[in-house]
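The block underneath contains the structure these notes are about, expressed in structure tokens.
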Amino acid sequence: MYCTQPVTSDILFVGASDRRLAKFENVFPIPRGVSYNSYLVLDEKTVLMDTVDKAVGDRFLENLAHGLDGRPLDYVVVNHMEPDHCATLGELLRRYPEVRIVGNAKTITMIGQFFDMDVSGRCVTVKEGDTLSTGRHTFTFFMAPMVHWPEVMVTYDGADKILFSADAFGTFGALNGNIFADQMNFERDWLDDARRYYTNIVGKYGAQVQALLKKAAGLEIACICPLHGPIWRENTEWFIGKYQQWSTYTPECRGAAIFCGSIYGNTENAADILANRLAEKGVRDIVLYDVSHTDVSQLVSEAFRCSHLVLASATYNGAIFTPMENLLLDLKAHNLQNRTVALIDNGTWSAQAARQMGDIVGAMKNMTVLEGTVSLKSSVKADKREALEALADTLAADILK
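Residue 147 in our numbering sits at position 48 of the sequence shown, with consecutive numbering throughout.
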């Protein structure tokens, strides 16, 4: 049975949520599920903004049929060809054989790669700044390559000042009745998932997001309709501001994210001592994670959030403890930059992790490694406790300056 909601007087939300999927893109845990958003514009001509993942395909098609109420579907705009938004495109084209596909040249090529059908006679190929008028609405298309695929574009509706933003401004989490951000406590209940979504899905492409934000700055935006998560119709500038921070790799807080890779607990003890000293010195925002038990997507998100990082790792097979190495390589792959880093390592006969962690951090952009690296031999002794407290003092002074 259909389940649609109005976005405006002539735009319907026809997407659906999946609460069964364990991992988004088969990588990122989504305990709260995810929504696949699709929007139907009921103008003189009807326009569908993107389709959905196969997991919710039946519900989407029921929603679409109800929304059309017997009218033909004239256009489907493909802002993003990733299968979580286009896996049902083939079925849509079979059910609505007269519909015309609106996309850029790269989109049309990808349709041929994903589907075994000839769509050449059904396409409206658009480029930067092209428009499509459907009656009351005039849609303008802006290219957003690598946010986060090369074919991505966004669509701006001049009539209602709506930005259909593709994967930009999306978040993990199923929608639970309320589809608008102002109907929920977004900062309390959704911001962490929004940050985790951005940093892991789009975080590598800060320069490309900046290019899109510059285009958006020239538009009057009253509403943002993303392909995942809540719709923004109030306080859009606040969420755009978050994207400005994240895409320029600017920390949201002056605080310490302590990442600990400990085998038998001794390295963790060192991290706890440092965290306690930071608290004594007045640092308020401190988080400490065991990298073996916390999903790396959350660790990446926290590294983007905090200004200062502490990397505390055991030496393992003469190298960095494997989960810590995986985190560092992930941070480098996501282009993290502009952070201050403190290092702690541990090795019963040969502590090597700090040097190797420093090498990875040193290959990243604008990263500062603090002096006073602490190297343990097996466990914390009195002299090493003093060294940890001294490192914490240096770290706290830098955070609080």
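All C-beta atoms in this analysis are idealised placements derived from N, C-alpha and C, irrespective of residue type, glycine included.
Between Asn203 and Thr224 a beta carbon distance of about 7 Å is seen, short of the 8 Å cut, so the two are scored as contacting. Annotated three-state conformation of Gln451 is coil, per DSSP.
Taking the Cβ atoms as the reference, Asn445 lies roughly 18 Å from Asn375, outside the contact range of under 8 Å. Here Leu398 is buried. Its C-beta has 16 or more other C-beta atoms within 10 Å. For Leu141, the secondary structure class from DSSP, reduced to helix, strand or coil, is strand. By the neighbour-count criterion, in which 16 or more other beta carbons inside 10 Å mark a residue as buried, Asp217 falls on the exposed side. In this structure Ser137 is in contact with Phe159, their Cβ atoms being roughly 6 Å apart against a cut-off of 8 Å.
Ranking Asp389, Ile330 and Leu311 by CA distance to the CA of Thr347 puts Leu311 first. In the DSSP assignment, Arg199 is bridged to Tyr174. Within the DSSP secondary-structure output, Ile385 pairs in a beta bridge with Ala355.
With fewer than 16 neighbouring CB atoms inside 10 Å of its own CB, Cys352 falls in the exposed class. Residue pairing of Leu318 in beta bridges, as defined by DSSP: absent, with no partner found. Residue range Cys405 to Tyr415 is occupied by the beta strand (DSSP E) that includes His407. Under DSSP, Leu262 takes part in a beta bridge, and its partners are Tyr255 and Ile323. Here Asn368 is buried, its C-beta having at least 16 other C-beta atoms within 10 Å.
Secondary structure at Leu435: coil, using DSSP grouped into helix, strand and coil. Secondary structure at Asp292: helix, using DSSP grouped into helix, strand and coil. DSSP lists Ser478 as the beta-bridge partner residues of Lys476. In the DSSP secondary-structure assignment, Trp331 is bridged to Ile323. With respect to Arg438, Thr414 sits apart: the two C-beta atoms are not nearer than 9 Å. Taking C-alpha positions only, Leu111 is separated from Asn162 by approximately 9 Å. Check the Cα spacing between Glu333 and each of Phe285, Asp109 and Thr145: the tightest is with Phe285.
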